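To start, the structure itself, in structure tokens.
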Ligand SMILES: *Cc1c(COP(=O)(O)O)cnc(C)c1O
């Protein structure tokens, strides 16, 4: 049985068109793109086109695109590059709601000689911009703010922040893994210096990422070795995946409209019906500025893990927070940063849709969720308390 997959912020299905374009590079076309012979050189020419496609999607120049192994590597590379090319500066600004790829590196740096400011958010997940601007100093090497949050879908005004940061001559990086293919962008007109994306969040395979580095940005490589990626990221190219990424870039340009109309309408229907049918439920995050595919709903007085297990019996896949926090019983750092009460944070489910979801699937989930929550609440001592208070 095919799952009803509503966990697209954790990973997405590889588009059939992407897979098809990749397959020859696992068999007949195995040449090394750096080789002098035509056999390898042909692969090199296809890589060049893939790079141009990705650049086209972002409004960037091909030479501003670096292929990496994942979103995490792109984030790490950006942060290390900014620190190593500004060695006299010992301060970094980021937020309290970043993906662990940035958050955990920030915490590591805070324990290893850097001063790290984690900018707070309000109850709706909106960033305290004034706090950020007041934290800028001559000692700041980098500001890294995610474009959209993977757990709640809340979108931050990164373009505005990037412009203010630029006035200080400070490097601005954004983890844009969740926004690519969902909102249009043109990095040529932007003040963003570095920008991370990940293939498996946009229907390309796992194990391929992109780091955009604006021309003229001071850069130091993270992986040193060969001359690949203009000497900025050594290691023989992951040819099949880069080609898949190029195909996915063209696909998401075509599907952005569907994301923002049909997928958005499906998400809105799912959310509206669940809130209507299930008492003591609420949406986490900014209701205005958010991704079209994501809704994070707190079902108070029940355990997210228990909800997921019962959903799983119907083949429904979702997440109780970010994929990286599920498995531990601590509420996610994002919901804690927003000050979501524990009784609500624990019962939060994130539904994240994609262009492959259908109205039938949404209707199925709308039908199955209320009895799941009701059943768990009947077993929950907190629910009775909740009803009284
Ligand atoms: C998934 C994700 C990442 C990590 O990407 P990987 O390719 O899995 O390393 C980073 N940031 C955000 C916002 C994500 O959603």
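Numbering (the numbering used here), first residue to last: 757 to 1145. Each residue gets a CB set at the ideal place from its N, CA and C atoms; glycine is no exception. These numbers come from a predicted model, not from an experiment.
- For residue 827, the distance from the CB to the nearest heavy atom of ligand 1 is below 6 Å.
- The beta carbon of residue 884 sits no closer than 6 Å to any heavy atom of ligand 1.
- Taking 6 Å as the cut-off, one finds at least one heavy atom of ligand 1 near enough to the beta carbon of residue 931.
- A straight-line Cα-Cα distance of about 11 Å links residue 852 and residue 878.
- If the five residues before and after residue 873 are omitted, its C-beta is found closer than 6 Å to the C-beta atoms of 849 and 891, all from its own chain and listed in chain order.
- Classified as buried, residue 1102 has 16 or more neighbouring CB atoms from the shown chains inside 10 Å of its CB.
- With contacts defined as CB atoms closer than 7 Å, residue 976 and residue 841 qualify as a contacting pair.
- The shortest C-alpha to C-alpha distance from residue 881 to any of 1127, 1105, 923 and 1092 is the one to 1092.
- Linking residue 994 to residue 931 through their CA atoms gives a straight-line distance of about 22 Å.
- With respect to the 7 Å criterion, residue 951 and residue 836 are not classified as neighbours on the basis of their beta carbons.
- DSSP places residue 807 within a helical segment (H, G or I) once states are collapsed to three.
- Residue 956 carries a helical assignment under DSSP once its states are collapsed to helix, strand and coil.
- Closer than 6 Å to some heavy atom of ligand 1: that does not describe the Cβ of residue 1075.
- In this structure, DSSP gives residue 975 a state outside helix and strand, which the three-state scheme calls coil.
- Inter-residue distance for residue 1096 and residue 1040 is about 8 Å (C-alpha atoms, whole angstroms).
- Spanning the alpha carbons of residue 1094 and residue 859 requires a straight line of approximately 16 Å.
- With respect to the C-alpha of residue 899, the residue from 906, 909 and 916 having the closest C-alpha is 916.
- Only buried fits residue 961, as 16 or more other CB atoms lie within 10 angstroms of its CB.
- If you keep only unbroken beta strand (DSSP E) runs of at least 3 residues inside the segment 813 to 883, you get 821 to 824, 847 to 851 and 871 to 875.
- Two segments are said to touch when three or more pairs of C-beta atoms, one from each, lie closer than 8 Å; by this definition the segment 1108 to 1115 does not touch the segment 775 to 782.
- Per DSSP, reduced to three states, the secondary structure at residue 761 is strand.
- Taking a 10 Å sphere around the C-beta of residue 1004, we find 16 or more other C-beta atoms and assign the residue as buried.
- Distance from the Cα of residue 814 is smallest, within the candidate group 1140, 967, 1110 and 982, for 967.
- Relative to ligand 1, the beta carbon of residue 934 is positioned inside 6 Å of a heavy atom.
- Pairwise C-beta distances place the segment 928 to 943 out of contact with the segment 1062 to 1075, as fewer than three of them are shorter than 8 Å.
- With contacts defined as CB atoms closer than 7 Å, residue 1050 and residue 1108 qualify as a contacting pair.
- Sixteen is the threshold: when 16 or more other Cβ atoms of the shown chains lie within 10 Å of the Cβ of residue 823, as they do, the residue is buried.
- Counting only unbroken stretches of 4 or more residues, the alpha helix (DSSP H) elements lying wholly within the segment 1006 to 1069 are 1020 to 1033 and 1060 to 1069, in sequence order.
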